[in-house]
Amino acid sequence: MAITRDFLIWLSTKPSLTRPIARTGMRLGFARRFIAGETLEEALRVAADLNARGMLVVMNQLGEHVHSREEAEGSYATYERILREMAARKIAGTITIKPTQLGLEFAPDLCRDLTCRLAAQAQALGNMVEIDMEHSAISGVTVDLFEHVRNAYPNVALAVQSYLRRTQSDLKRLEPFHPKIRLVKGAYNEPPEVAFQEKREVDQSYANLLDTLFANGFFPAVATHDEALLDHARTLARERGLRPDQWEVQMLLGVRRDLQEKLVRDGVQMRVYVTFGTEWVPYFMRRLAERPANVGFVVRSLLKGR
Ligand SMILES: Cc1cc2nc3c(=O)[nH]c(=O)nc-3n(C[C@H](O)[C@H](O)[C@H](O)COP(=O)(O)OP(=O)(O)OC[C@H]3O[C@@H](n4cnc5c(N)ncnc54)[C@H](O)[C@@H]3O)c2cc1C
């Protein structure tokens, strides 16, 4: 199982191998379970449909290989447009950015500037900007970025990963801001020096971090499909007497749709992560890696498509 996961994550970094998959994925439809489409228009339609079913959204444009200032500014322009279109169509939701899309790795000043501008634009529209957490080599600078933007704008949130050993101390540092924190397990391959390797350890760390979020004045965004951890979060929310608008659950488009519907029926604030764009294969591969059984439905779809 671990070998399949490692292979799929490795494959997700090899565009020359994944391009043929990309060419057929949208045509045959198997990619649409996890990706809203290749265009913003398609993503907005999916978002409106989720809203109609009682769910909020968090919108993300795919694309992880940005190498120039022009490309970073292009990503900024897309997010700016997403904010405007969401407002115009009254879509209930936020956006989330990957700092590398805005140039964090080669132009940190530009990334800070673009993120601040998005936060300002979101603020003017009564919206919010969430920041994804990427691979561990940039965890520290991502927390720095969040702190920088949060000093000027209250409407910014950050994702943190329970597989990283450093996350409890990051939360200690962020506690004075009382921010919205999206807690995830973590989706990248990380070495043992920085990350827990055993599922049991990652899950235990997630439970401990939930305790911290609910006890210390954060707005917890519980981003997992793990039912035991969701039960733990719901117990914490009940014990603290939190209203449904004081915490939320986040899940990925196409993953545990049954559970998403059930949480809505139970009155839990549910937000679905909606991704779109042409560079969807690395994201898609990570979803397959999380549950190699998903590979089965891709293979079936490919065979049907012949
Ligand atoms: C809203 C949201 C935002 C995220 N943002 C980030 C981020 O910024 N940075 C980051 O590193 N990671 C992010 N992730 C991904 C996250 O780190 C995990 O890789 C992913 O959520 C799977 O872990 P899990 O918590 O669901 O637990 P797991 O232990 O992986 O899964 C628990 C159960 O959920 C179900 N499940 C999980 N994944 C799938 C799947 N693909 N298909 C079908 N069933 C599945 C299965 O029933 C499984 O038993 C995000 C996840 C979510 C939900």
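Residue numbers for the sequence shown follow this note's numbering, beginning at 1345 and rising by one.
Just so it is clear, CB atoms sit at the ideal spot from N, CA and C, and this is done for glycine as well.
Name the one or two DSSP bridge partners that residue i has.
i, result
"M1477", "Beta-bridge pairing links M1477 to no other residue."
"A1501", "E1474"
"I1525", "L1502, P1564"
"I1439", "M1403, V1473"
"A1539", "L1508"
"M1614", "V1593"
"T1619", "N1404"
Just reading off the beta strand (DSSP E) that residue i is part of, what are its end residues?
i, result
"L1596", "1592-1596"
Rounded to whole angstroms, how far is the Cβ of residue i from the Cβ of residue j, which I believe are closer than 8 Å?
i, j, result
"A1387", "F1620", "4 Å"
"L1580", "V1593", "Not quite, the Cβ-Cβ distance comes to about 12 Å (not below 8 Å), so this is no contact."
"L1573", "Y1550", "6 Å"
"V1390", "V1618", "6 Å"
"T1440", "M1629", "With 8 Å as the limit, T1440 and M1629 do not qualify as a contact, their Cβ atoms being about 19 Å apart."
"G1653", "V1401", "Absent from the model: residue 1653. The displayed extent of the chain is 1345 to 1650, so no value can be given."
"P1523", "R1494", "6 Å"
"A1577", "I1353", "About 27 Å; that fails the 8 Å criterion."
"L1553", "V1566", "Actually they do not touch by this definition, with Cβ atoms about 10 Å apart."
"G1380", "L1597", "It is worth fixing the name first, because residue 1380 is Ala in this sequence and not Gly. Contact holds; Cβ gap of about 6 Å."
Would you kindly report the start and end of the unbroken alpha helix (DSSP H) that includes residue i?
i, result
"N1552", "1543-1559"
"A1387", "1384-1396"
"D1570", "Run containing D1570: none; DSSP gives neither H nor E here."
"K1434", "Taken as a continuous stretch (DSSP letters only), K1434 belongs to no alpha helix (DSSP H), as it is neither H nor E."
"Y1532", "Segment: none, Y1532 is in no alpha helix (DSSP H) and carries neither H nor E."
"V1608", "1601-1609"
"R1456", "1452-1468"
"V1493", "1483-1496"
"L1632", "1625-1634"
**Prompt:** Between the segment 1512-1528 and the segment 1486-1494, do at least 3 Cβ pairs fall closer than 8 Å?
**Reply:** Flag = yes, the segment 1512-1528 and the segment 1486-1494 touch.
**Asked** Within the chosen definition, does the segment 1442-1460 reach the segment 1397-1408 through at least 3 CB pairs nearer than 8 Å?
**Response** yes
**Item:** Stretch-stretch touch, CB-based, cutoff 8 Å, three pairs: the segment 1525-1541 with the segment 1496-1511
**Value:** Counting C-beta pairs closer than 8 Å gives three or more between the segment 1525-1541 and the segment 1496-1511, which meets the contact rule.
**Segment contact flag, the segment 1556-1575 with the segment 1530-1544, C-beta cutoff 8 Å, min 3 pairs** = no
**Item:** Contact between the segment 1393-1400 and the segment 1411-1430 (3+ Cβ pairs under 8 Å)
**Value:** Counting C-beta pairs closer than 8 Å gives fewer than three between the segment 1393-1400 and the segment 1411-1430, which falls short of the contact rule.
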